[in-house]
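Novice: Have a look at this one before I ask anything.
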Amino acid sequence: METEKPTSSNFIKNIVIDDLKSGREKTIVTRFPPEPNGYLHIGHAKAICLNFELADEFNGKTNLRFDDTNPVKEDTEYVDGILNDIKWLGFEWDNLHFASDYFEMNYEKALLLIEKGKAYVDDQSADDIRKTRGTLKEPGKDSPYRNRSVEENLDLFKRMRAGEFKDGEKVLRAKIDMSSPNINLRDPVIYRIKHAHHHQTGDKWCIYPMYDYSHPLGDAVEGVTHSLCSLEYEDHRPLYDWAVRECEMENTPHQYEFARLNLTNTVMSKRKLKSLVDAGVVDGWDDPRMPTIAGLRRKGYTPEAIRNFCREIGVAKSYSIVDERYLEHFIREDLKLKAPRTMAILDPLKVVITNYPEGETEWFEIENNAENPDMGTRKVPFSREIYIEREDFMENPVPKYFRLFPGNEVRLKSAYFVKCVEAVKDADGNIVELHCTYDPETRSGSGFSGRKVKGTIHWVDAAHAVPAEFRLYEPILKDDADLSQEAEEAADDITSESEEYTGGAAGEDKSFLDKINKDSLTVLNGFIEPGLTDVKAHDKFQLFRHGYFNVDPKDSAPGRIVFNRTVSLKSSFEVK
RNA sequence: UGGGAAUUAGCCAAGCGGUAAGGCAACGGACUUUGACUCCGUCACCCCCAGGUUCGAAUCCUGGAUUCCCAGCCA
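The opening position of the first sequence corresponds to residue 1 in this note's numbering, with each subsequent residue numbered one higher.
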């Protein structure tokens with residue numbers, strides 16, 4: 001697709017190259033395994049790009065597999081959203097599966113485990129299991145049910161499936177080692193009872209496998225060769241390998257872990273993102289301030305920009321937080337030649353050109369993108385009264401200010417030079433309009449070179465101006481100077497995405513909500529050129545000197561045009 | 001000495017025993033009908049620290065420091 005550079009070297013690609021060279025694998029198969037319990041965010045995009053592009057580069061395959069082993073948290077709404085986002089990003093999966101497709105196989109393998117004496121039914125309560133698991137430094141204690149006979153385990157497990165027991169009454173545990181220094185190996189629970197309706201399997205099951213058991217088996221049966229996941233699963237790898245081995249799977253997939261993406265000025269946690277939605281802080285999962293794929297799309301990001309970003313940040317094992325400005329770089333780059341450039345006034349100040357003939361209008365032909373002549377030109381009206389940007393005038397200019405101020409002359413982009421004669425004020429001393437004079441000799445395109453001006457400002461003809469709403473965004477989080485604190489925040493979301501789980505800290509949710517930037521949205525009402533009245537959802541423009549904007553797909557309507565600012569233009573000038 | 005992992009510039013990151021890629025950001029300058037873009041230049045005598053091996057070490061060895069992850073019937 002287009003002129004996208006291949007990813008640079010990374011440790012996973014090196015592993016694939018070695019595996020192919022050594023003959024350990026003939027072709028590679030990867031997979032992207034989202035849990036349908038929320039919408040995808042830019043962090044998922046990193047994993048998606050990694051899996052799909054890696055397989056693509058080596059002529060392999062990539063499956064999409066929903067990790068739907070926990071019916072109480074999941075929903076088809078999310079399945080649909082995820083499918084849509086992946087397609088929008090531009091990827092096509094080879095096979096679409098659900099972990100629930102393998103529930104029967106998972107069950108059969110559990111029976112095998114029991115027969116081999118590698119799994120047992122435990123009657124202990126969740127609380128007792130936790131208490132006997134030991135601590136980080138002390139080994140756990142064997143369950144009193146650990147040495148039940150194979151027959152009894154088989155009988156009990158079948159009755160679990162048959163629905164004879166209530167939620168939490170029994171679990172199936174892998175029999176590994178209660179004194180392992182790796183807590184994941186201390187007889188992990190692999191099946192639990194949940195009398196819950198499942199979005200894919202309905203009421204067929206009342207026992208559901210745990211991720212650590214289901215995932216490796218799903219990988220194996222699909223022939224996945226390189227199972228990529230994030231760093232916190234490093235400790236789970238021995239269990240992954242145990243499951244593949246003890247269940248006697250034909251294929252032996254291998255798990256590799258990489259660092260998930262973190263971005264400055266935002267959060268990357270489905271749980272926290274959901275809390276923003278639920279608290280009404282944002283408009284929904286697709287609010288442009290959200291780092292979700294849906295939010296970025298509504299903000300005006302393109303799939304190309306997101307893919308290029310994911311490629312350039314690389315893949316490694318060290319914990320990192322990427323500067324959000326890096327992401328912004330890629331959307332500016334992508335839209336530079338694609339987006340037409342037009343003038344719009346976000347915060348209007350009327351200007352009367354006193355020596356311009358009343359009742360006259362002339363139409364300037366202006367290129368749609370000076371760097372991309374293929375985009376053609378358009379006609380833009382100009383007359384005696386125009387709007388300029390309020391910030392393009394200062395009665396008492398700061399040093400190095402070369403826009404409009406009393407006595408100063410500037411260029412009106414694609415029109416004439418104008419000189420400010422007077423700032424007209426109301427009774428309260430507020431500037432309500434400017435009186436300027438223009439110089440007919442300086443008409444754009446005339447080749448006038450008699451004198452130079454330092455500044456060029458944009459404008460919109462007042463008589464033809466079309467009202468529009470502009471939404472400007474700032475980071476959703478207040479404080480971010482302290483990257484290490486941000487790291488902490490992000491890190492602790494990784495594992496605690498369950499609402500009911502209280503192992504984390506309730507207090508830290510509060511501190512997270514305290515960090516929310518209450519001024520992350522600014523709404524302005526201004527004007528656009530008359531040529532933009534037919535604009536459609538997701539049309540993208542560079543509004544001169546302001547940045548790139550996207551036509552909002554939700555709130556725009558006939559007679560109401562809403563622009564979301566995707567990203568500002570860079571600027572080396574700030575009015576203090 | 002519970003186990004697992006990480007450490008190369010402000011931020012990502014390549015590097016795999018032959019003398020520190022690239023991108024972002026920043027800072028100078030040129031150009032400019034966007035204070036944008038583009039272009040030019042600057043930005044690690046050094047790779048967490050200390051020893052050692054070697055003709056040669058970011059890469060190998062030894063010891064240490066710091067940071068992150070793990071005690072859900074979540075994924």
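Idealized CB from N, CA, C, for every residue including glycine. Quick caveat: nothing in here was measured; it's all calculated off a predicted structure.
#1: Report back the beta-carbon spacing between Val-418 and Lys-425 to the nearest angstrom; my notes put them in contact at under 8 Å.
#2: Check for me: the beta strand (DSSP E) holding Cys-436 runs from which residue to which?
#3: Straight-line CA distance for Glu-77 to Tyr-39?
#4: Leaving aside the five residues before and after Arg-587 along the sequence, list all residues of the same chain whose C-beta is less than 6 Å from its C-beta, in chain order.
#5: Our contact map puts Lys-270 next to Asn-37 with C-beta atoms below 8 Å; I'd like the distance itself, whole angstroms only.
#6: Do you know how far the Cα of Leu-569 is from the Cα of Val-523?
#7: Given a cut-off of 8 Å on the beta-carbon distance, is the pair Pro-340 and Met-375 in contact?
#8: If you follow the alpha helix (DSSP H) that Phe-330 is part of, which residue opens it and which one closes it?
#9: Put Phe-66 into one of helix, strand or coil per three-state DSSP.
#10: Tell me whether the beta-carbon of Glu-385 lies closer than 8 Å to the beta-carbon of Lys-350.
#11: Which first and last residues belong to the beta strand (DSSP E) in which Cys-420 is found?
#12: Taking just the CA atoms, how far does Leu-434 sit from Pro-406?
#13: Measure from the alpha carbon of Lys-336 to the alpha carbon of each residue in Val-315, Pro-357, Tyr-301 and Glu-312, then state which is nearest.
#14: Assess contact between the segment 279 to 289 and the segment 463 to 480, defined as three or more Cβ pairs (one per stretch) separated by less than 8 Å. Is contact present?
#15: Would you list the one or two residues that DSSP bridges to Tyr-473?
#16: For the beta strand (DSSP E) containing Lys-350, list its first residue and its last residue.
#17: Helix, strand or coil, according to DSSP, for Pro-209 in the structure here?
#18: Just checking my contact of Met-178 with Pro-238 at CB under 8 Å: how many whole Å lie between their CB atoms?
#19: For Lys-379, which three-state DSSP category applies?
#20: Could you tell me if Phe-52 is buried or exposed, where buried requires 16 or more neighbouring beta carbons within 10 angstroms of its beta carbon?
#21: How would you label Trp-363, buried or exposed, when you count the other beta carbons within 10 angstroms and need 16 or more for buried?
#22: Nearest CA to the CA of Arg-146: which residue from Leu-217, Leu-154 and Arg-173?
#23: Less than 6 Å between C-beta atoms, sequence neighbours within five positions excluded: which residues of the same chain meet that for Arg-31?
#24: Which residue wins for smallest C-alpha separation from Ser-414, given the options Glu-222, Ala-427 and Arg-378?
#25: Please report the distance separating the alpha-carbon of Asp-212 from that of Lys-274.
#26: Indicate the three-state DSSP secondary structure (helix, strand or coil) for Cys-247 in the structure shown.
#27: Taking C-alpha atoms, which residue in Gly-168, Glu-250, Arg-260 and Glu-92 lies nearest to Ala-47?
#28: Leu-112 to Val-121, Cα distance in whole Å?
#29: For Val-466, name the three-state secondary structure that DSSP assigns.
#30: Measure the C-alpha to C-alpha separation of Tyr-240 and Glu-367 and round it to an integer number of angstroms.
#31: For Glu-104 and Glu-234, I'd like the C-alpha separation in whole angstroms.
#32: Just to confirm the assignment, what range does the beta strand (DSSP E) spanning Trp-363 have?
#33: With distances taken between CB atoms, is the gap from Gly-455 to Val-421 smaller than 8 Å?
#34: How far does the beta strand (DSSP E) with Ala-174 in it reach, from first residue to last?
#35: Taking Phe-258 as the reference, give the member of Leu-228, Thr-69, Val-453 and Glu-371 with the closest Cα.
#36: Please go through the segment 87 to 135 and give each complete beta strand (DSSP E) segment of 3 or more residues, from N-terminal end onward.
Specialist: According to the structure data:
#1: Going by Cβ atoms, the distance from Val-418 to Lys-425 rounds to 19 Å, so no, they are not a contact pair.
#2: First-last of the beta strand (DSSP E) with Cys-436: 431 to 439.
#3: 9 Å
#4: This structure cannot speak to residue 587, because the chain is shown only from 1 to 576.
#5: Going by Cβ atoms, the distance from Lys-270 to Asn-37 rounds to 7 Å, so yes, they are a contact pair.
#6: 18 Å
#7: yes
#8: 324 to 338
#9: strand
#10: yes
#11: 417 to 425
#12: Distance between the alpha carbons of Pro-406 and Leu-434: 9 Å.
#13: Tyr-301
#14: yes
#15: Leu-521
#16: 348 to 353
#17: Looking at Pro-209 - three-state DSSP - the assignment turns out to be strand.
#18: That belief does not hold up - the Cβ atoms of Met-178 and Pro-238 are roughly 15 Å apart, past 8 Å.
#19: strand
#20: buried
#21: Exposed.
#22: Arg-173
#23: Asn-63, Arg-65 and Val-224
#24: Arg-378
#25: A direct Cα-to-Cα measurement between Asp-212 and Lys-274 gives close to 25 Å.
#26: coil
#27: If we check each option's Cα against that of Ala-47, Arg-260 comes out closest.
#28: 14 Å
#29: strand
#30: 59 Å
#31: 28 Å
#32: 361 to 367
#33: No.
#34: 171 to 174
#35: Leu-228
#36: 96 to 98 and 119 to 122
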